[in-house]
Each structure stands twice: as C-alpha cells, then as structure tokens.
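So the structure is just underneath, and the comments pick up after that.
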Amino acid sequence: SMREQVSLEDTSVDFERNGFAPAGQLDGMDDRLRTPADRALRQCFNLTAEESCVIVTDENRASIAGALHAAAGEITDKATMVQYPVGNQHGEEPPAPVAAAIAEADVALAPTTKSLSHTAARVAATDSGTRMATLPGITEQVFRVGLDADYEAIEAACAGVSEQVTAADTIRVTTPAGTDLTVRPGDRDWREDTGLIHAPGAFSNLPAGEVFVSPVTGSGRVVVDGTIMPHGRLGPDQQAAFDVTDGLVTEIHDDALRAEVEAAAAEVGDAAFNLAELGIGTNGGVESLVGSVLLDEKAAGTVHIAIGDDHGIGGNVRAPIHLDGILTDPTVYADGNKVELPVSA
2 SMREQVSLED TSVDFERNGF APAGQLDGMD DRLRTPADRA LRQCFNLTAE ESCVIVTDEN
62 RASIAGALHA AAGEITDKAT MVQYPVGNQH GEEPPAPVAA AIAEADVALA PTTKSLSHTA
122 ARVAATDSGT RMATLPGITE QVFRVGLDAD YEAIEAACAG VSEQVTAADT IRVTTPAGTD
182 LTVRPGDRDW REDTGLIHAP GAFSNLPAGE VFVSPVTGSG RVVVDGTIMP HGRLGPDQQA
242 AFDVTDGLVT EIHDDALRAE VEAAAAEVGD AAFNLAELGI GTNGGVESLV GSVLLDEKAA
302 GTVHIAIGDD HGIGGNVRAP IHLDGILTDP TVYADGNKVE LPVSA
C-alpha cells in the first residue's frame, strides 16, 4: 500500500517487496545490484557530495532504482526518487513533475520501462545543464552485465570509430542478411555514448557504448536480424526488413513492426516513418545479443538503425516512437572506405 511505501523511516519495511531502501541504507539490498549502482554514480557520473541527484522510475524497475538511490545517498544527502506510472511507448512525455525534477537536478538517472531519451522533457533537462542517463527497459541482468564495463576501453573504441566516420559524406552499411543502406549525415554531428557523463548537459544511455548520427537522409534496404521491438531477439530464421527512400521508411515487411510505426503515424503522420539514426556499437563487453535493445545496440561490431524520433540526437523530427533494429555482422563504408569496427572481448 502507499502508506507502507511512504514510511521510509520504518526499518521494518520489506525492501525486497517495496523495491527500494532509504537513501544510504543498503542493508537487505541485493549486493549484485550494489556494485553496478556504485559504478554508475561514482565512475559514470562522478557524483559529488554537493550535488543533487534524482532517480526517475516506475513500479517495474523499483529494485534497480532503489539500488541507485541508496548508492547516491551514500555520496550526497540530496538524493531523491520520483516514481510515475509505466509509460505506453518509448519516447512518450513523462508527467510534468518528472520533467521538473530532472530539469532541477544536477544528475538524473532514469531506469524506466519506456525510454525518456527521446522526449522534450529530457532534452530540456540536459539543455539546462543536468547530466543524465536513461536506462530504458533495464533488467537486473542487463544492469549487472552492462555496467560491468571498462569505460576507458569504450571511450577509446568510440574515438576510433569517430575518427573514421565523422568527415564522411556517405556511410554505407551492408550485411549478409541483405541490408544495403546508404545514408548522408549532412551537417549533423556524430555523437559518442561513452558512459562517462561528467560534463554539465552530458547525456548517455547506460549501459553505454556507441557512436551514432541522425542522418539528414538515406536510402536502401534494412534487414534486421538481431534485436528489435516488439520482437526482442529474432530467431535464426527470423528477419524484420524495411525499405528506406530519401530518409523515410516506405515499406515495412514485418507485421508487428509495421503496427507499432503505424500506431505512431496515426498521431504524427510521416514523422513516425523517419529514418532517425545510424549507430555503431563500441562496447566490447557485450559478448552476445540478449534481446535487450538497450544492451544489444551497444555490442561491439554491430550496427543499429532506428525509425522515428531524432530530435534528441541532433535531428528535427519529433515522434512518439524511436525503434532501434540491430544488424549483425555488418560491413560499414565511409565514403567507400571500409571502417574498422571494434570487436567484442
């Protein structure tokens, strides 16, 4: 009941059931969540005692939020937690009090069921100086595996990829499954997701590890053979293909994926069909795809292509969806030169 959750001072509260502990109080908390929570706040964020920190969550992610809140509470006495109802779709705007909380905090982490990455609330917060990470769809397994990372190695891998792609006019991706897509980044900046979120306004996913761009345009065919929602990890004989012409998805050869995009298109029209992102995974610690887009898109040596919103990553299209599809065994060319991709450990 609500009353039980509010009485945080009552040490008899069953943390396991309620999913969170008072700040700074980790007794009874799963130790396996303690380590990644500490790493997130100390290494990824370099949180200090003077800073405020808010954890934004929903009832499905309470154990992870609780571990982060408790770890933050051991560093600063300005650690807070805000819980709101589970969203319907990635990229859906949170309630106004959530937007206010992340905008006012020095540091914000969002372990939520549905992603806040591609929302006006998140963009406004980071524009105002909040440094922030989203952990959309995070599970305890992904939290433990994905945050057990060598961030210096990820940073170096990101730099190595960036060096090869940033000046290119065209990027072409091919895969054995049948992908052949060429995009033009145009004047859009490539961005690095290193997991080191130290500068005001910095933004990252956690787990981290990608170099990505929201291309101005692109054409070709994308055949997803890795992970994509709503399917999760695709089976050996399963593919989700779509065609792209001049930066718009023109045909989707997968019923479930088409249904998701068309539902968004009913609200916003063509914006839902926008070619939103090309990303290259740089996290060598991800040894195999597990069916979590959040983790799998970071796997070294993979490419992901996204449909929908790109206003949070350097584009100008707003949509209530951002759907990433992960491609395995890609070959990437920058102005015709083969890009050397990072490999998994």
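Be aware that the sequence shown starts at 2, since it is given in this note's numbering, and climbs by one per residue.
C-beta atoms are modelled at their ideal positions from N, C-alpha and C, and glycine is treated no differently.
7 Å CB neighbourhood of residue i in its chain, flanking five on each side removed
i, result
"Asp39", "Ala72"
"Thr106", "It is worth fixing the name first, because residue 106 is Ala in this sequence and not Thr. The residues are Ser53, Cys54, Val55 and Thr131."
"Ala154", "Gly285"
"Ala272", "Val318, Arg319 and Ala320"
"Asp247", "Thr218 and Ser220"
"Glu156", "Thr195 and Leu197"
Element boundaries [alpha helix (DSSP H), containing residue i]
i, result
"Thr36", "Asp32 to Arg40"
"Val146", "Glu141 to Leu148"
"Asp297", "Val294 to Asp297"
"Ala257", "Asp256 to Val269"
"Val162", "Tyr152 to Val166"
"His312", "Per DSSP, His312 belongs to no alpha helix (DSSP H) and is neither H nor E."
"Glu193", "Note, Glu193: premise wrong, no alpha helix (DSSP H); beta strand (DSSP E) at Arg192 to Asp194."
Nearest-angstrom Cα separation, counted from residue j out to residue i
i, j, result
"Glu51", "Ala203", "18 Å"
"Val245", "Ile327", "16 Å"
"Ala68", "Val99", "19 Å"
"Val124", "Thr114", "19 Å"
"Asn338", "Ala111", "38 Å"
"Asp59", "His254", "33 Å"
"Glu268", "Ala102", "27 Å"
"Arg185", "Val57", "35 Å"
"Pro343", "Ala301", "5 Å"
"Phe243", "Asp256", "11 Å"
"Ala160", "Ile314", "18 Å"
"Glu261", "Arg33", "35 Å"
"Cys45", "Gly196", "6 Å"
"Asp336", "Ser220", "15 Å"
"Ser345", "Asp330", "12 Å"
"Pro137", "Pro231", "14 Å"
"Gly25", "Gly74", "Since pLDDT at Gly25 reaches only 46, below the 50 mark, its modelled position is unreliable, and the value read off the structure follows with that caveat. Each residue's Cα considered, the two are about 4 Å apart."
"Thr81", "Ala66", "10 Å"
Close-in-space but distant-in-sequence residues of the same chain around residue i (CB under 6 Å, 5 per side omitted)
i, result
"Leu258", "Ala241"
"Ala150", "Gly286"
"Thr332", "Thr175"
"Tyr334", "Arg173"
"Asp325", "Val294, Glu298, His305 and Ala307"
Proximity of residue i and residue j at Cβ, strictly below 9 Å
i, j, result
"Leu207", "Ala41", "yes"
"Glu93", "Thr120", "yes"
"Asp311", "Asn275", "yes"
"Gly179", "Arg222", "yes"
"Gly280", "Glu211", "yes"
"Met133", "Ile198", "yes"
"Gly147", "Pro37", "yes"
"Pro95", "Ala122", "yes"
"Leu117", "Ile306", "no"
"Ile308", "Ala277", "yes"
Opening and closing residue of the beta strand (DSSP E) in which residue i lies
i, result
"Gln84", "Ala80 to Gln84"
"Gly280", "Leu276 to Gly282"
"Arg185", "Asp181 to Arg185"
Residue i classed as buried or exposed, judged by whether at least 16 other C-beta atoms fall within 10 angstroms
i, result
"Val143", "buried"
"Pro1", "Residue numbering for the chain in the displayed model covers 2 to 346; residue 1 lies beyond these limits and cannot be assessed."
"Ala158", "buried"
Own chain residues within Cβ distance below 8 Å of residue i, not counting five before or after
i, result
"Trp191", "Ser163, Val166, Thr167, Val212, Phe213 and Val214"
"Arg234", "Gly227, Thr228, Leu290, Val291, Gly292 and Asp297"
Distance cut-off 8 Å: residue i Cβ against heavy atoms of the ligand ADP
i, result
"Ala38", "Inclusion of the ligand ADP in the displayed structure is not the case, the ligand content being empty and no account of it being possible."
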